[in-house]
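When you number the sequence shown by numbering that gives the first Met the number 0, it's gap-free, plus one each residue, and the end is 310.
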Amino acid sequence: MRRVWIILSLLAWVTLGAVTGWAEVYPMADGTRMEGSPVSANERGIVLRLPDGTFSDRIPWERFSQEALREFAKNPKFRRFAEVYVFEEEQATRAARPAVPKPQPVEGKLSRPEQPAIWAGLLGSPVGWLILLALYAANLYAAYEIAIYRARPVALVCGLAAVIPVIPQAVFLALPTQIPREEEGVATEAAAAGGAAGAAPAIGAGLHLARDTEGPATAKPVEPTVFKRGEYAFNRRFFETKFSGFFGMVRRDKSSVLIIKTGRHQYVVNRITRITTNDMHVEVQRGAAVEEIPLSFSDIQEVELRPAGGH
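Below, the structure written as structure tokens:
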């Protein structure tokens, strides 16, 4: 009877284990333990069969400890869900790797220079010297152009600009254009001679008068007055000052002829019709017709004033 009882007990125990699924105990992350047999699992968690034969709710994987997750990972059915949350072995592998040595400071490393002043930075490099030389050359060239434009001595203006940049250019540019004294005297003498006698023809500004007026035998021919680029600045003030008789709708004084020479042509001007800051329009004779053409001040190379009949 004792042997029969032992055999029956073993059969009952095997039958109960098959029914309950051989319940196991799984440690949880919060320190508690849960007993049961895994039934089904997905990526959200696992369902256990409890010892009393009931089923638990789906338990998230995060609630299990790493030990329990490794046990679940041994089961081929649950491995792909549980092994995602097993990380202790990976961390242990990372910890076993040798640490990356910190970089050692390099001896003799160049230190960053301090922020210098702008002039110190320019003088401390070849590029800076090149920039300064270019600015200095531009300063002298500006002084040269202003000296020509205002009819001032080139050596004086450029010399001052070489010592004190910028300021002399501004001063001479603000001054009026200088007219030579001998030309002013000739213009005054011509005006006085024209107003002294009504029969004497008026002579335009810039013409040299014959000082000996005793008679036709001793009279000297009046030489033409020539104005060349470089000696005079051809601009609006120049033409308005020296050739005021050529302005107006009707030119009454025709005792002189104005000839303007450019790089390609020579024009005999009847009168100046319009004038602006950069150019002027003149009336020239083309055969029997009269034509108005524009002339830029930069194209004019020479201006000549001749007495009528001398061209």
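Where a beta carbon is used, it is the ideal one built from N, C-alpha and C, also for glycine.
On the CB-based measure, 16 or more other CB atoms within 10 Å of its CB, does residue i come out buried or exposed?
i	result
W60	buried
I259	buried
T224	buried
R151	buried
S124	exposed
L131	exposed
S255	buried
A67	buried
P102	exposed
P200	Model confidence at P200 stands at a pLDDT of 42, short of 50, so the residue's coordinates are unreliable; what they give is reported in the following sentence. The residue in question, P200, is exposed, as its Cβ has fewer than 16 Cβ neighbours within 10 Å.
A146	buried
V302	buried
L129	exposed
A287	exposed
A137	exposed
E230	exposed
F226	buried
Which class does residue i belong to by DSSP, given the choice of helix, strand or coil?
i	result
E230	coil
Q300	strand
Q168	helix
V221	coil
E42	coil
G203	With a pLDDT of 42 at G203, under the threshold of 50, the modelled position of this residue cannot be trusted; read the value that follows with caution. Coil, per DSSP.
A288	strand
F246	strand
Taking the continuous alpha helix (DSSP H) assigned at residue i, which residues delimit it?
i	result
E144	125–148
L174	From DSSP, L174 is part of no alpha helix (DSSP H); its letter is neither H nor E.
V162	153–162
K73	65–73
E239	235–241
Are the Cβ atoms of residue i and residue j separated by less than 8 angstroms?
i	j	result
S64	A28	yes
T272	H264	no
R69	V85	yes
V267	V283	yes
I299	T240	no
Y135	C157	no
R228	F245	no
L139	A154	no
F237	T176	yes
G30	L49	no
F171	N234	no
R78	R57	no
R305	A232	no
Which residue comes first and which comes last in the beta strand (DSSP E) that contains residue i?
i	result
T53	Counting along the chain, T53 falls outside any beta strand (DSSP E), and DSSP gives it neither H nor E.
K260	255–261
R78	That residue, R78, is in no beta strand (DSSP E); its alpha helix (DSSP H) goes 78–81.
Q265	265–274
E23	23–26
How about residue i: is its Cβ closer than 7 angstroms to a heavy atom in the ligand ZN?
i	result
S124	Of ligands this structure carries none, so the ligand ZN is not represented either.
**Study point:** Cβ pair count under 8 angstroms reaching 3, the region 157–173 against the region 248–258
**Key:** no
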